[in-house]
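A.B. asks: Here it is: the structure, laid out below.
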Amino acid sequence: MFLGLILWMGYYYFFHTDGQGRVTREADSPEAAAQGQQTLQRADALINERQYGPAKALLDSLRDADLNPAFFISTEDLEQRFDTLRRRSYREKQPNRI
1 MFLGLILWMG YYYFFHTDGQ GRVTREADSP EAAAQGQQTL QRADALINER
51 QYGPAKALLD SLRDADLNPA FFISTEDLEQ RFDTLRRRSY REKQPNRI
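Be aware that the sequence shown starts at 1, since it is given in UniProt numbering, and climbs by one per residue.
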């Protein structure tokens, strides 16, 4: 039984994580992935237009998007958008130095 547990843990770690212990998820359907990408594109547009408040509100609302089976956003994509938002809003707040 112990050997079975070890084998199952190895299988799960090898096939269901990114190699660093974070569980990878996949979309249930292509439509769910497309819906998530459209929403991320809307967040990207808000960030590029320097509307950081609405962009942050939209990204915050997507944190629990995985609860909806008709909607999929990968955790890595969401983290990337938050990092971009933080970097750009921080740069705008800094005084220009030469």
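We put the CB at the ideal spot given by N, CA and C, even for glycine.
1) Cutting at 8 Å between CB atoms, please list the residues of its own chain near residue 42, excluding the five before and the five after it.
2) Can you tell me whether residue 45 is buried or exposed? The criterion is at least 16 other CB atoms within 10 Å of its CB, across all chains shown.
3) What distance in whole Å lies between the Cβ atoms of residue 33 and residue 70, which are believed to be in contact at a cut-off of 8 Å?
4) To which residues of the same chain is residue 62 closer than 7 Å at the C-beta, ignoring the five residues directly before and after it?
5) I think residue 36 touches residue 55, with their Cβ atoms under 8 Å apart; what is that distance to the nearest whole Å?
6) Over the uninterrupted alpha helix (DSSP H) stretch that includes residue 74, give me the two end residues.
7) Within the continuous alpha helix (DSSP H) that includes residue 41, where are the two ends?
C.D. replies: Let's see:
1) 58
2) exposed
3) About 11 Å separates the two Cβ atoms, so there is no contact after all.
4) 39, 73 and 78, listed in sequence order.
5) Not a contact, Cβ separation roughly 16 Å.
6) Neither: residue 74 is in no alpha helix (DSSP H) and is coded neither H nor E.
7) 30-48
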